[in-house]
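Heads up: take any position in the sequence shown, counting from 1, add 1271, and you land on my numbering. Glycine included, every Cβ here is placed at the ideal spot set by N, Cα and C.
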Amino acid sequence: MKRIRPGQRTRTRAPEPTQAGARAPEPTQPRPRARRRCDRGQVALEYIGFVPILLFVALCAIQLGWVAYVDEQADTAARTAARVEARNGEGGERAGRAAISGGLAEGAAFSWAATADAVSVTVTLEVTSIVPGLSLGPATATAVMPNDAPPKGP
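Rendered as structure tokens:
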């Protein structure tokens, strides 16, 4: 017969009602517990160990979205600046800066190359890093538009 420790739950057999002077019920095997006491806190420990990895993956996903956003802003600014410069002959940089949303416009660098046939504009925007320790290069976009500006001078 198995020993029962103090405080341990046991199942007992009820005495049969037909027996006169039935003995006290004998304890049977204890119920198996769902978890052992030594496993307490195991899930919390695994969760605490996994949280930094999960946060790093989330930051990398946000960083990837930010890089794509800045690249798209550079492309939009280059197309807008080249289109305005090709049609009007001036005001391309102002239009390009207006096409950039948020605080990215202050750090934008525009470079121009104009010929009689086409206008080429290159825009460079700095990509800030969200993930610690990650250094990213600038986002650069170039757009070329046919030169439709009226000729200057007499």
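Is it buried or exposed, residue i, if we count other Cβ atoms within 10 angstroms and call 16 or more buried?
| i | result |
| --- | --- |
| valine 1392 | buried |
| glutamate 1377 | exposed |
| arginine 1311 | exposed |
| threonine 1386 | exposed |
| glutamate 1356 | buried |
| arginine 1354 | buried |
| leucine 1316 | exposed |
| leucine 1375 | buried |
Which residues bound the alpha helix (DSSP H) around residue i?
| i | result |
| --- | --- |
| alanine 1389 | No alpha helix (DSSP H) contains alanine 1389, which is instead part of the beta strand (DSSP E) from 1389-1396. |
| glycine 1363 | 1363-1370 |
| alanine 1376 | Premise fails: alanine 1376 is in no alpha helix (DSSP H) and is neither H nor E. |
| leucine 1330 | 1313-1359 |
Compute the beta-carbon to beta-carbon distance between residue i and residue j, rounded to the nearest angstrom, for a pair I have assumed lies under 8 Å.
| i | j | result |
| --- | --- | --- |
| valine 1398 | valine 1341 | 5 Å |
| glycine 1363 | alanine 1380 | Contact flag wrong, Cβ pair sits at about 14 Å. |
| valine 1394 | alanine 1345 | 5 Å |
| aspartate 1419 | arginine 1365 | Contact flag wrong, Cβ pair sits at about 18 Å. |
In the DSSP output, what is residue i paired with across the bridge?
| i | result |
| --- | --- |
| valine 1415 | Ser1391 |
| serine 1382 | Thr1393 |
Using only CA atoms, which one of the options lies nearest to residue i?
| i | options | result |
| --- | --- | --- |
| alanine 1243 | Arg1358, Thr1413 and Thr1386 | Given a span of 1272 to 1425 for the chain in the structure shown, any question on residue 1243 remains unanswerable. |
| glutamate 1343 | Ala1410, Pro1417, Arg1368 and Met1416 | Ala1410 |
| glutamine 1334 | Asn1418, Ser1400, Asp1419 and Thr1299 | Ser1400 |
| glutamate 1369 | Cys1331, Arg1350 and Gly1408 | In the sequence as presented, glutamate is not what sits at residue 1369; that position holds alanine. Nearest option by C-alpha distance: Arg1350. |
| serine 1372 | Ala1332, Leu1396 and Ser1382 | Leu1396 |
| glycine 1404 | Asp1388, Ala1339 and Phe1327 | Phe1327 |
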